[in-house]
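*Asks:*
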Amino acid sequence: MTSTQTGAKWIKELLEGHPDRIHDAFRMSKRIFIDLLHKLEADHELQESHRTSSREVLGITLYILAQRGSVRLMLSVTFIYLYI
Numbered sequence: 000m001t002s003t004q005t006g007a008k009w010i011k012e013l014l015e016g017h018p019d020r021i022h023d024a025f026r027m028s029k030r031i032f033i034d035l036l037h038k039l040e041a042d043h044e045l046q047e048s049h050r051t052s053s054r055e056v057l058g059i060t061l062y063i064l065a066q067r068g069s070v071r072l073m074l075s076v077t078f079i080y081l082y083i
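The opening residue of the sequence shown carries number 0 in numbering that gives the first Met the number 0; numbering runs sequentially from there.
#1: If we call anything under 8 angstroms between Cβ atoms a contact, is A7 one with S52?
#2: Could you check how far apart the C-beta atoms of F25 and A65 are, in whole angstroms? I think they sit under 8 angstroms.
#3: Rounding to the nearest angstrom, what Cα-Cα distance links E40 and D23 in this structure?
#4: Quick one: what's got a C-beta closer than 6 angstroms to Y62's C-beta in the same chain, skipping five residues either side?
#5: Taking 8 angstroms as the threshold (C-beta atoms), are L57 and L36 in contact?
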């Protein structure tokens with residue numbers, strides 16, 4: 000992922016791309032990611048904000064956990080949100 004790519008675009012590409020890519024990023028299959036997302040939305044009230052979808056929140060969280068890196072460093076290098 001490049002530094003100019005938004006979280007939404009990155010998540011979309013992972014979900015629509017090769018299964019190995021999503022597994023490498025999140026350490027789980029697409030099916031598990033989708034099931035977990037639905038479970039969190041339905042049972043634990045995970046909601047989107049006006050700038051971030053629940054898919055992005057879950058994806059970014061799982062990515063950080065899967066990569067075992069510094070949260071600040073990963074967010075500064077990996078994700079950029081364009082405020083228009």
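The beta carbon of each residue, even a glycine, is placed where N, CA and C say it ideally should be.
*Replies:* On the basis of the coordinates in this document:
#1: yes
#2: 6 angstroms
#3: 24 angstroms
#4: A24
#5: yes
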